[in-house]
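S.K.: Structure in structure tokens, see below.
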Amino acid sequence: MLGMTKESGSASDEELGFEPGSVRHVAIIMDGNGRWARARGLPRNEGHRNGVRNVQEIVKAARQADLRHLTLFAFSVENWHRPKAEVSALMHLLDSYLTAQADELKRQEIRLRVIGRLEELPRRVSRRIQRLMEETAHFDRWNLNLALNYGSRTEVVDAMRAYAQAVQAGLEDPEALDWATAVRFLYTRDLPDPDLIIRTSGEHRVSNFLLLQGAYAEYHFTDKFWPEFEPADFFAALAEFARRERRFGQTSEQLKSPRSPSSLRA
Ligand code: IPE
Ligand code: IPE
Ligand code: MG
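Numbering (my numbering), first residue to last: 2 to 267.
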């Protein structure tokens, strides 16, 4: 069991293998629920149920690691094409997760955000999320971001539409468009870029997830299916990330000099 320090509820670096608070944003593509269930002779929905149970464990672990942002890919725009019964079971699970975890998120002082087209989710779900986002909006240290009805290409389309409307309204000047302006139109406008993106289940692809925000992210792929991806696996991924050298287009020597790397511009 991980011990907790009195002050923040975080675990110590010896226990974790990295310094708590040293990683800002981890995003996870939670894949493999169906195969986890199949390997046990269970229906796919049982895999999703165990996947949701694991979300609670990893959210707790992220807080122990003093991770500021945890973003979980829970439902993609492409996932609507799954059988109707599976989509409806997923929506039901999402609804009961939010109901069951509402108090816990508040107790743990975690702010909830959603990236994706929230308005296209069933009304009961989107209203519950809206309420929970408002009720947790004053927490500023730990953030849980759920990617729901999310796809990077949809995000770009929504951003382009919003930008075009802002130009038409005279609020934006296309001549002055730069990356700093563009990011203000993405769903992730309030979030730092992910430092590390983890994908479970042995698939080595990004499936339309944070394509722009992950431009300089480190990736970690594991064969474990999402329901069996434990806090220990999560901490091991963070410890491995801590040993990597990120160069942002510069040389190792430049990075060793006291001047910090220049920001990524376009
Ligand atoms: C991830 O598990 C959950 C969602 C995409 C909603 P999958 O349901 O994709 O499980 P596999 O990949 O079929 O095993
Ligand atoms: C990505 O997993 C989406 C989520 C984890 C929510 P998928 O299972 O939908 O991705 P593909 O189909 O394997 O690319
Ligand atoms: Mg999958």
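Every residue, glycine too, gets a C-beta built ideally from N, C-alpha and C.
At 4 residues or longer, and completely inside the segment 196-223: list those alpha helix (DSSP H) runs for me, N to C.
M.R.: With a minimum length of 4 residues, no continuous alpha helix (DSSP H) run stays inside the segment 196-223.
S.K.: What are the boundary residues of the beta strand (DSSP E) that tyrosine 188 is part of?
M.R.: Premise fails: tyrosine 188 is in no beta strand (DSSP E) and is neither H nor E.
S.K.: Alpha carbon to alpha carbon, how far is leucine 17 from leucine 94? Give it in angstroms, no decimals.
M.R.: Leucine 94 and leucine 17: Cα-Cα distance of roughly 31 angstroms.
S.K.: By the DSSP assignment, the alpha helix (DSSP H) with valine 126 in it spans what residues?
M.R.: Looking at the DSSP string, the run of the alpha helix (DSSP H) that includes valine 126 is 124-136.
S.K.: Pop quiz: leucine 149 and arginine 129 are said to be a contact at Cβ under 8 angstroms. What is the actual Cβ separation, rounded to whole angstroms?
M.R.: That belief does not hold up - the Cβ atoms of leucine 149 and arginine 129 are roughly 12 angstroms apart, past 8 angstroms.
S.K.: I'd like to know whether the C-beta atoms of valine 168 and proline 175 end up nearer to each other than 8 angstroms.
M.R.: Against a cut-off of 8 angstroms, the Cβ pair of proline 175 and valine 168 comes out as a contact.
S.K.: Given 8 angstroms as the limit, is there contact between the segment 53-70 and the segment 240-248, that is, 3 or more CB pairs closer than that?
M.R.: Output reads no: the segment 240-248 does not touch the segment 53-70.
S.K.: Leaving aside the five residues before and after isoleucine 29 along the sequence, list all residues of the same chain whose C-beta is less than 6 angstroms from its C-beta, in chain order.
M.R.: If we look at isoleucine 29 and ignore the five residues flanking it on each side, its Cβ neighbours are Leu73, Ile199.
S.K.: Suppose you measure from the CA of glycine 171 to the CA of alanine 233; what does that come to, to the nearest Å?
M.R.: Each residue's alpha carbon lies about 51 angstroms from the other.
S.K.: Is the number of C-beta pairs between the segment 158-166 and the segment 77-84 that are closer than 8 angstroms three or more?
M.R.: Flag = no, the segment 158-166 and the segment 77-84 do not touch.
S.K.: Under 8 angstroms by Cβ, that's how I've got valine 24 and aspartate 196 pegged, so tell me the actual separation to the nearest angstrom.
M.R.: Indeed, because the Cβ distance is near 6 angstroms, the residues count as touching under 8 angstroms.
S.K.: Pop quiz: proline 151 and serine 89 are said to be a contact at Cβ under 8 angstroms. What is the actual Cβ separation, rounded to whole angstroms?
M.R.: In the sequence on display, residue 151 carries tyrosine and not proline. Wrong, their Cβ atoms sit about 19 angstroms apart, outside the cutoff.
S.K.: So who's on the other strand from arginine 69, going by DSSP bridges?
M.R.: Arginine 69 is not bridged to any residue.
S.K.: Leaving out five residues on either side along the sequence, give the residues of the same chain with a beta carbon under 8 angstroms from the beta carbon of alanine 163.
M.R.: Result list for alanine 163: Phe186, in chain order.
S.K.: CB-CB under 6 angstroms to threonine 252, same chain, minus the five flanking residues each way: which ones, in chain order?
M.R.: Excluding residues within five positions, none has a Cβ falling inside 6 angstroms.
S.K.: Taking the C-alpha atoms as reference points, what is the distance between asparagine 209 and arginine 190?
M.R.: Their backbone Cα atoms lie some 18 angstroms apart in a straight line.
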